Structure formats: structure tokens, C-alpha cells
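So the sequence shown is residues 5 to 72, counted in the working numbering.
Note that the Cβ used here is the ideal one computed from N, Cα and C, for glycine as well.
As the structure is a prediction and not an experimental result, all values here were calculated from the model.
Working notes, structure below.
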Amino acid sequence: MANRIPFFSNKHKICVICEGNEEYEYFKRLIFLGVWNNKYAISLVNAGGNGNIPARYQDRYQNGSYEC
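Structure (C-alpha cells):
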């Protein structure tokens, strides 16, 4: 029987909510270039306009999915 212990990451989970496509592509490239330390797990969300940022914030941060 295989070991079924769940994997727990010790990385700090950070979510960056981008206003639109330009910011999203910029941050995507920064992640690709390895600008941040490996102890951070950074994920991106494209809000598709500044009116959608509060809804994305509530969904991601306030539900406890990310630290920052």
C-alpha cells in the first residue's frame, strides 16, 4: 500500500491580483525570471478590470487560501 500522507508545503502563499492583462503578463514574466525567493509560492489572478478587484480579493484572501 502506498504512503498516503498529504503533502504540506512550507512556502508562504501569496496571491497577486492584477487589474488587467498588462499587469498580469508583467508579473507572470517576473515569476518566470525567478525574481522572488523560492520560499514564496506566488499565484496570479487577472481581475479583468479594477471593478472586479474587491470580488477577487474576497474570494482569495478572506477565505484563508493565501497569507498575503
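Fill in: DSSP bridge partner residues for Leu48 (one or two, in chain order)
BP columns for Leu48 point to Val20.
Worksheet item: CA-CA distance, Gly24 and Asn54?
Response: 8 Å
Discussion item. Distance check for Glu29 and Asp63, CA to CA, integer angstroms please.
Written reply: 21 Å
Practice prompt. Pick helix, strand or coil for Gly55, following the three-state DSSP scheme.
Written response: Here Gly55 sits in helix by DSSP.
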